[in-house]
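From first to last, the protein sequence lines stand for chains A and B. Residues in the first sequence are numbered from 245 upward in steps of one, following this note's numbering. Residues in the second sequence are numbered from 245 upward in steps of one, following this note's numbering. Backbone N, C-alpha and C fix where the C-beta goes; we use that ideal spot for every residue, glycine too. Notes to accompany the following structure.
There are 2 protein chains.
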Amino acid sequence: VSTEFDLIARLAAALPCSRKDVVLGPGDDAALLKPPRTGQLVQTVDTCIEGVHFPPGLDPEDIGWRCLAVNLSDLAAMGAEPAWALLSLTLPRADDDWVDGFARGFGELARRWDVDLVGGDTTRGPLSVTVTLTGFVPKDAALTRAGAKPGHGVWVTGTLGGGAGGLAAWRRGDRAAAAAFLRPDPRIEEGRALRGIASAAIDVSDGLAADLAHVLERSGAGAVVQLEAVPLAATARREGADAGLRMALQGGDDYQLCFTVPRGREKALLKAAAEWEMKPSRIGEITKAPGLRLELLGREIDLGPGGWDHFRGDG
Amino acid sequence: VSTEFDLIARLAAALPCSRKDVVLGPGDDAALLKPPRTGQLVQTVDTCIEGVHFPPGLDPEDIGWRCLAVNLSDLAAMGAEPAWALLSLTLPRADDDWVDGFARGFGELARRWDVDLVGGDTTRGPLSVTVTLTGFVPKDAALTRAGAKPGHGVWVTGTLGGGAGGLAAWRRGDRAAAAAFLRPDPRIEEGRALRGIASAAIDVSDGLAADLAHVLERSGAGAVVQLEAVPLAATARREGADAGLRMALQGGDDYQLCFTVPRGREKALLKAAAEWEMKPSRIGEITKAPGLRLELLGREIDLGPGGWDHFRGDG
Numbered sequence: 245v246s247t248e249f250d251l252i253a254r255l256a257a258a259l260p261c262s263r264k265d266v267v268l269g270p271g272d273d274a275a276l277l278k279p280p281r282t283g284q285l286v287q288t289v290d291t292c293i294e295g296v297h298f299p300p301g302l303d304p305e306d307i308g309w310r311c312l313a314v315n316l317s318d319l320a321a322m323g324a325e326p327a328w329a330l331l332s333l334t335l336p337r338a339d340d341d342w343v344d345g346f347a348r349g350f351g352e353l354a355r356r357w358d359v360d361l362v363g364g365d366t367t368r369g370p371l372s373v374t375v376t377l378t379g380f381v382p383k384d385a386a387l388t389r390a391g392a393k394p395g396h397g398v399w400v401t402g403t404l405g406g407g408a409g410g411l412a413a414w415r416r417g418d419r420a421a422a423a424a425f426l427r428p429d430p431r432i433e434e435g436r437a438l439r440g441i442a443s444a445a446i447d448v449s450d451g452l453a454a455d456l457a458h459v460l461e462r463s464g465a466g467a468v469v470q471l472e473a474v475p476l477a478a479t480a481r482r483e484g485a486d487a488g489l490r491m492a493l494q495g496g497d498d499y500q501l502c503f504t505v506p507r508g509r510e511k512a513l514l515k516a517a518a519e520w521e522m523k524p525s526r527i528g529e530i531t532k533a534p535g536l537r538l539e540l541l542g543r544e545i546d547l548g549p550g551g552w553d554h555f556r557g558d559g
Numbered sequence: 245v246s247t248e249f250d251l252i253a254r255l256a257a258a259l260p261c262s263r264k265d266v267v268l269g270p271g272d273d274a275a276l277l278k279p280p281r282t283g284q285l286v287q288t289v290d291t292c293i294e295g296v297h298f299p300p301g302l303d304p305e306d307i308g309w310r311c312l313a314v315n316l317s318d319l320a321a322m323g324a325e326p327a328w329a330l331l332s333l334t335l336p337r338a339d340d341d342w343v344d345g346f347a348r349g350f351g352e353l354a355r356r357w358d359v360d361l362v363g364g365d366t367t368r369g370p371l372s373v374t375v376t377l378t379g380f381v382p383k384d385a386a387l388t389r390a391g392a393k394p395g396h397g398v399w400v401t402g403t404l405g406g407g408a409g410g411l412a413a414w415r416r417g418d419r420a421a422a423a424a425f426l427r428p429d430p431r432i433e434e435g436r437a438l439r440g441i442a443s444a445a446i447d448v449s450d451g452l453a454a455d456l457a458h459v460l461e462r463s464g465a466g467a468v469v470q471l472e473a474v475p476l477a478a479t480a481r482r483e484g485a486d487a488g489l490r491m492a493l494q495g496g497d498d499y500q501l502c503f504t505v506p507r508g509r510e511k512a513l514l515k516a517a518a519e520w521e522m523k524p525s526r527i528g529e530i531t532k533a534p535g536l537r538l539e540l541l542g543r544e545i546d547l548g549p550g551g552w553d554h555f556r557g558d559g
């Protein structure tokens with residue numbers, strides 16, 4: 245443990261542990277935790293760097309929320325329930341106000357999903373936030389990227405393009421319209437509900453095209469997606485049809501789930517989704533032929549720079 | 245999951261998983277792990293930044309080893325056995341040779357302690373390495389910083405000052421003498437052996453004075469340390485008596501264990517230590533009076549700048 249300054253103590257005081265499975269939280273050489281008596285652990289880590297993953301000038305409350313949300317979204321995509329977070333915070337200087345704001349945003353989302361901050365460190369350097377998150381999933385129930393088979397439907401939760409659309413709104417100073425970017429709402433409940441229903445799942449963090457491609461690669465299959473079926477966020481639609489679709493396909497930061505469902509489980513999906521705030525959309529189908537085929541009103545679209553221009557000309 | 249470039253896949257390929265409790269390693273939204281059937285989990289995270297925690301120009305193999313060692317040392321101080329690592333790597337540019345070197349150093353130490361790299365991400369930015377490590381400890385057997393009581397002996401493993409002495413040697417181009425800095429040897433075995441013997445423990449990462457002070461704070465006690473009993477590393481001794489002691493007390497990067505032992509457990513300690521490569525040293529005693537008192541040949545020494553000068557004058 246090597247803390248350049250003792251901001252981690254300030255963070256820990258602002259974010260007290262409340263879970264019964266936390267035996268020893270921040271302040272020792274390591275955290276001490278009771279594992280669940282059954283089931284498996286799910287672990288992920290993500291680093292968010294100022295100027296790379298979020299723009300300079302973002303409110304520390306939003307940074308705190310977003311950096312936890314990115315990790316929660318990974319656990320949602322596994323169908324896991326979150327439990328313990330570790331935080332490694334690199335700051336250009338010891339700034340109590342900044343840390344207090346960060347703790348408010350982080351804490352608001354952490355409390356919503358019963359996540360305890362169990363440890364971490366702070367160092368001096370360019371602004372960067374690394375969150376490690378551990379959660380639980382019943383044995384053999386986790387959703388993975390592998391498992392999509394030809395004929396399975398391709399689905400998404402909520403709307404896409406809201407991350408990129410929200411960032412564009414934030415740059416224009418429209419904070420209200422920027423909510424999807426500033427305060428993404430990880431799909432923990434939906435991920436849990438998809439256990440036993442989805443054959444594969446991923447969270448949409450880098451844009452639908454790239455993330456669905458990861459599923460196809462791990463599943464050894466292809467897919468066709470009908471672009472007119474992709475639900476666009478209002479902030480993305482506002483940018484125009486072409487730019488809006490581009491935000492959904494390539495924008496990233498949506499933190500929705502993209503998942504595949506065998507025909508025989510569609511009824512179960514729709515029943516489960518009756519409880520969801522936003523209905524899931526079927527946007528395509530897994531194919532035996534490899535690769536991701538995008539169609540707009542039955543016509544194939546190429547996402548490459550030339551292809552996209554072609555698409556623009558037709559759009 | 246947001247990877248700027250796909251170096252994490254290269255790292256994962258170089259560091260294949262071999263533990264039976266790893267259900268799903270790198271390559272999905274999160275890792276999937278089997279917790280131990282009994283006992284507790286121990287988790288820690290540490291970030292090492294170039295120019296802060298290690299000097300620019302350090303060999304990537306040494307960076308890989310060191311960054312894992314820092315975390316292993318935290319688990320050693322808890323008496324835990326390490327299991328799963330997550331790695332978040334920030335690099336100025338995608339550099340395959342650098343990553344291969346890093347993987348060699350990281351992998352060499354990981355294999356020694358049966359640690360699997362189960363996930364991570366890579367991003368573009370100033371060189372920085374964050375390792376999260378999870379390990380196991382039997383229920384209620386973990387060593388913590390609390391528990392030191394008046395009359396307990398204060399002990400250290402190995403020698404101190406080797407981290408700072410090794411860094412000084414490295415700066416002079418003497419790689420052989422720099423080993424303690426470049427390739428610290430975390431005291432995992434010793435930490436495990438201290439379960440049921442030590443009343444408190446910490447790893448010496450920031451210098452004996454600061455780290456022992458953490459134990460005193462968490463234990464609500466004080467201590468007196470006889471400086472002539474503090475075992476100095478050869479590289480620290482070479483810097484002269486004063487500078488060597490200063491390296492031990494304030495230099496950091498030693499990754500030895502400092503621990504306290506009740507009188508009634510000293511026999512058990514010496515029996516356990518008969519197996520150790522280096523014998524532990526009793527350097528002082530816990531006191532009821534708060535604060536850390538340093539004595540040299542019975543005379544009190546003040547570590548403050550003035551006090552240290554006084555000490556220098558007498559040394």
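Proximal residues to L456 (chain A) (C-beta, below 8 Å), its chain only, five neighbours per side dropped | Start at 1 with the first residue of the first sequence, and residue 456 (chain A) comes out as number 212. Excluding positions up to five away in sequence, the list reads V398, I446, A467, V469, C502, L536.
Using only alpha-carbon positions, find the residue among B:L330, B:V359, B:S317 that is nearest to R262 (chain B).
-> Taking the second sequence and counting its residues from 1, one reaches residue 262 (chain B) at position 18. With the sequence shown as reference, residue 262 (chain B) is identified as Ser, and Arg is not the correct amino acid for it. Comparing Cα-Cα distances from S262 (chain B) to each of B:L330, B:V359, B:S317, the minimum goes to B:V359.
With DSSP collapsed to three states, give me the class of L501 (chain B).
-> Taking the first residue of the second sequence as position 1, residue 501 (chain B) is located at position 257. Strand.
For T374 (chain A), which beta-bridge partners are listed by DSSP?
-> Indexing the first sequence from 1 puts residue 374 (chain A) at position 130. BP columns for T374 (chain A) point to A:T291, A:S332.
Counted within 10 angstroms of its Cβ, other Cβ atoms place E521 (chain B) as buried (16 or more) or exposed = The residue given as residue 521 (chain B) occupies position 277 in the second sequence. E521 (chain B) is exposed by the Cβ-count criterion.
Name, going along the chain, the residues of the stretch 389-421 of chain A whose beta-carbon falls closer than 9 Å to a beta-carbon of chain B.
-> R389, A390
Let me know the secondary structure DSSP gives L319 (chain B) once reduced to three states.
-> For this step, residue 319 (chain B) is matched to residue 75 along the second sequence. L319 (chain B): helix per DSSP, three-state reduction.
Is DSSP giving L259 (chain B) helix, strand or coil here?
-> Stepping through the second sequence from its first residue, residue 259 (chain B) is reached at position 15. Of the three classes helix, strand and coil, the one that applies to L259 (chain B) here is coil, per DSSP.
Extent of the continuous beta strand (DSSP E) run through T388 (chain B) = On the second sequence, position 144 is the one that residue 388 (chain B) refers to. Unbroken run through T388 (chain B): none, as it is neither H nor E.
What are the residues of the stretch 485-502 of chain B that lie near chain A, defined by any Cβ-Cβ distance shorter than 8 Å?
-> G496
What residues in the stretch 317-345 of chain A have a beta carbon less than 9 Å from any beta carbon of chain B?
-> S317, D318, L319, A320, A321, M322, A324, W328, L330, L331, S332, L333, T334
DSSP beta-bridge partners of S443 (chain B) | The residue labelled residue 443 (chain B) in the question sits at position 199 within the second sequence. Paired residues: none, contrary to the question.
Determine the burial state of R431 (chain A): buried for a count of at least 16 other Cβ atoms within 10 Å of its Cβ, exposed for fewer.
-> If you number the first sequence from 1, residue 431 (chain A) lands on position 187. Per the 10 Å Cβ criterion, buried.
Cα-Cα separation between G308 (chain B) and N315 (chain B), rounded to whole angstroms | The residue you call residue 308 (chain B) lines up with position 64 of the second sequence. The residue you call residue 315 (chain B) lines up with position 71 of the second sequence. In a straight line, the C-alpha of G308 (chain B) is about 12 Å away from that of N315 (chain B).
Terminal residues of the alpha helix (DSSP H) in which A338 (chain B) lies | For this step, residue 338 (chain B) is matched to residue 94 along the second sequence. Counting along the chain, A338 (chain B) falls outside any alpha helix (DSSP H), and DSSP gives it neither H nor E.
Do you know whose CA, among A:T288, A:L353, A:R416, lies nearest G364 (chain B)'s CA?
-> The residue you call residue 364 (chain B) lines up with position 120 of the second sequence. With distances taken between Cα atoms, G364 (chain B) lies closest to A:T288.
To which residues of the same chain is E248 (chain A) closer than 7 Å at the C-beta, ignoring the five residues directly before and after it?
-> For the purposes of this step, residue 248 (chain A) is taken as residue 4 along the first sequence, with counting starting at 1. Residue placement at E248 (chain A) is poorly supported in this model, since its pLDDT is 47, which falls under 50; the coordinates still yield a value, given next. Correct list, in chain order: T366, T367, R368.
Along chain B, in chain order, which residues have C-beta atoms closer than 7 Å to that of K278 (chain A)?
-> Taking the first residue of the first sequence as 1, we reach residue 278 (chain A) at position 34. Correct list: Q284.
Taking G406 (chain A) as part of the alpha helix (DSSP H), name the residues at either end of that continuous run.
-> Numbered from its first residue, the first sequence carries residue 406 (chain A) at position 162. Counting along the chain, the alpha helix (DSSP H) containing G406 (chain A) begins and ends at 406-415.
Exposed or buried, which one is E305 (chain B) when buried takes at least 16 other CB atoms within 10 Å?
-> The residue you call residue 305 (chain B) lines up with position 61 of the second sequence. With 16 or more other Cβ atoms within 10 Å, it is buried.
Between the beta-carbon of S372 (chain B) and the beta-carbon of D290 (chain A), is there less than 9 Å?
-> As a first step, residue 372 (chain B) is located in the second sequence; it is residue number 128 there, counting from the start. As a first step, residue 290 (chain A) is located in the first sequence; it is residue number 46 there, counting from the start. For S372 (chain B) and D290 (chain A), no; Cβs fall outside 9 Å.
For T288 (chain A), go through chain B and note every residue whose CB falls closer than 8 Å to its CB, in chain order.
-> Here residue 288 (chain A) corresponds to residue number 44 of the first sequence, with the count starting at 1. What T288 (chain A) touches in chain B: V245, D273, A274, A275, L330, G363.
Got a sec, what are the start and stop residues for the alpha helix (DSSP H) E461 (chain A) sits in?
-> Residue numbering aside, residue 461 (chain A) sits at position 217 when the first sequence is read from its first letter. Counting along the chain, the alpha helix (DSSP H) containing E461 (chain A) begins and ends at 452-463.
In the DSSP assignment, find the unbroken alpha helix (DSSP H) run with T479 (chain A) in it and report its ends.
-> For the purposes of this step, residue 479 (chain A) is taken as the residue at position 235 of the first sequence. Here the alpha helix (DSSP H) through T479 (chain A) covers 478-481.
If L259 (chain B) sits next to A354 (chain B), beta carbons under 8 Å apart, how far is it from one beta carbon to the other, in whole angstroms?
-> Within the second sequence, the letter at position 15 stands for residue 259 (chain B). Within the second sequence, the letter at position 110 stands for residue 354 (chain B). 7 Å between Cβ atoms; contact.
Taking 9 Å as the CB-CB limit, is S372 (chain B) close to chain A?
-> As a position in the second sequence, residue 372 (chain B) is number 128, starting the count at 1. Yes - at least one Cβ of chain A is within 9 Å of the one on S372 (chain B).
Who are the near neighbours of G451 (chain A) in its chain, counting only those whose CB is closer than 7 Å to its CB and skipping five residues on each side?
-> One-based indexing of the first sequence puts residue 451 (chain A) at position 207. Correct list, in chain order: L493, Q494, G495, G496.
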